[in-house]
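Numbering (the UniProt record's numbering), first residue to last: 1 to 313. What follows is a single structure, written as structure tokens, with notes after it.
This is the structure:
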């Protein structure tokens with residue numbers, strides 16, 4: 001097996017990371033995102049021997065004795081589940097081919113500004129960035145990391161983040177954004193809709209603070225947006241879309257947002273909308289968008305309507 005190039009135990013129930021894996025020096029892909037287990041997997045410091053690795057997917061739950069050394073992985077293009085607690089972020093500076101990074105910020109990082117400066121050349125080459133913020137204390141440092149990756153095309157933020165980096169609208173390549181359980185301030189929507197090149201936006205589960213009940217998409221907002229996805233936004237009871245908002249929108253999916261009982265009137269102005277999917281919403285909303293319902297006129301121009309079953313109370 002010493003010549004093995006691909007190894008995946010994805011979604012298996014394996015609970016250990018054998019030190020002997022370090023002998024697989026020809027390995028180019030190691031996928032070790034296993035089925036969720038409560039016990040933290042202990043990873044020995046042997047990954048540094050796999051110098052041919054291109055794609056490394058570490059387990060979600062793991063720990064190490066000391067810091068895992070990753071600086072030898074100069075060919076690495078994909079690194080998932082980099083832990084701020086068990087990995088040395090300085091090593092990222094030597095991963096000059098890195099393009100996809102998923103990082104978990106779970107502890108306070110000392111000298112982060114110096115680390116980010118020393119790794120700036122690598123961070124600016126990253127194209128896809130996923131940041132998991134474990135707790136409120138990691139928010140500021142997580143945003144510092146985002147601010148250091150100005151070449152990203154795709155950004156995913158998960159966890160408590162009250163405010164997005166103000167310079168986000170200056171990221172020239174940012175086209176895809178996913179937000180999940182962030183608890184953003186209400187005024188952050190005004191910032192999101194000014195992102196000039198954003199084509200895809202996914203909002204999942206408690207994206208805004210609990211007291212945010214109304215979402216407003218303003219005239220001229222989201223000029224390039226083509227795909228919009230709402231999921232589990234139970235706190236939102238009203239969604240307003242002004243005429244002239246999202247002029248390029250082609251695909252809209254709204255699922256499991258129990259607070260919404262009606263669709264915004266402004267949808268009828270989005271003439272480019274080609275596909276609308278609605279699933280597991282409030283029964284009242286489903287009733288209103290039936291062909292004889294009072295809201296059907298808002299969506300009757302959409303060629304493809306995919307209407308699933310309403311949410312079961």
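The C-beta atom is built at its ideal place from N, Cα and C for all residues, glycine as well.
Is residue i helix, strand or coil when you go by DSSP?
{"i": "residue 42", "result": "strand"}
{"i": "residue 122", "result": "helix"}
{"i": "residue 47", "result": "helix"}
{"i": "residue 296", "result": "helix"}
{"i": "residue 251", "result": "strand"}
{"i": "residue 115", "result": "helix"}
{"i": "residue 63", "result": "strand"}
{"i": "residue 81", "result": "strand"}
{"i": "residue 301", "result": "coil"}
{"i": "residue 288", "result": "helix"}
{"i": "residue 153", "result": "coil"}
{"i": "residue 92", "result": "helix"}
{"i": "residue 145", "result": "helix"}
{"i": "residue 20", "result": "helix"}
{"i": "residue 10", "result": "coil"}
{"i": "residue 104", "result": "strand"}
{"i": "residue 275", "result": "strand"}
{"i": "residue 139", "result": "helix"}
{"i": "residue 4", "result": "coil"}
Excluding the 5 residues flanking residue i on each side, which residues of the same chain have their C-beta closer than 7 Å to its C-beta?
{"i": "residue 19", "result": "44, 46"}
{"i": "residue 294", "result": "288"}
{"i": "residue 40", "result": "61, 62, 63"}
Going along the chain, which residues of its own chain have a beta-carbon closer than 6 Å to the beta-carbon of residue i, five neighbours each way excluded?
{"i": "residue 242", "result": "218, 219, 266"}
{"i": "residue 11", "result": "35"}
{"i": "residue 30", "result": "7, 56"}
{"i": "residue 209", "result": "183"}
{"i": "residue 179", "result": "157, 203, 207"}
{"i": "residue 83", "result": "104"}
{"i": "residue 128", "result": "100, 154"}
{"i": "residue 237", "result": "213, 259"}
{"i": "residue 143", "result": "165"}
{"i": "residue 275", "result": "251, 304"}
{"i": "residue 200", "result": "176, 227"}
{"i": "residue 138", "result": "105"}
Can you list, in chain order, the residues of its chain with a C-beta nearer than 8 Å to that of residue i? Leave out the 5 residues immediately preceding and following it.
{"i": "residue 90", "result": "71, 115, 118, 119"}
{"i": "residue 352", "result": "The structure shown does not extend to residue 352, since the chain spans only 1 to 313, so no value can be given for it."}
{"i": "residue 191", "result": "164, 166, 168, 169"}
{"i": "residue 33", "result": "10, 11, 57, 58, 59, 60, 80, 81"}
{"i": "residue 194", "result": "169, 221"}
Closest to residue i by C-alpha separation, out of the options, would be which residue?
{"i": "residue 151", "options": "171, 40, 64, 274", "result": "171"}
{"i": "residue 264", "options": "251, 239, 278", "result": "239"}
{"i": "residue 185", "options": "161, 39, 142", "result": "161"}
{"i": "residue 54", "options": "197, 25, 226", "result": "25"}
{"i": "residue 281", "options": "125, 197, 294, 308", "result": "308"}
{"i": "residue 302", "options": "251, 226, 49", "result": "251"}
{"i": "residue 279", "options": "236, 305, 128, 111", "result": "305"}
{"i": "residue 48", "options": "176, 94, 39", "result": "94"}
{"i": "residue 253", "options": "68, 232, 16, 130", "result": "232"}
{"i": "residue 67", "options": "77, 200, 42, 76", "result": "42"}
{"i": "residue 159", "options": "134, 176, 145", "result": "134"}
{"i": "residue 124", "options": "112, 196, 146, 50", "result": "146"}
{"i": "residue 23", "options": "121, 1, 299, 15", "result": "1"}
How about residue i and residue j: do their beta carbons lie closer than 8 Å?
{"i": "residue 101", "j": "residue 79", "result": "yes"}
{"i": "residue 234", "j": "residue 258", "result": "yes"}
{"i": "residue 153", "j": "residue 173", "result": "yes"}
{"i": "residue 288", "j": "residue 262", "result": "yes"}
{"i": "residue 110", "j": "residue 97", "result": "no"}
{"i": "residue 367", "j": "residue 27", "result": "Here the chain covers residues 1 to 313 and nothing more, so residue 367 does not appear."}
{"i": "residue 198", "j": "residue 215", "result": "no"}
Is there at least one non-hydrogen atom of the ligand HEM closer than 7 Å to the beta-carbon of residue i?
{"i": "residue 97", "result": "Here there are no bound small molecules, and the ligand HEM is not part of this structure."}
* **Uninterrupted alpha helix (DSSP H) stretches inside the stretch 156-204 (no shorter than 4 residues)** => 188-192
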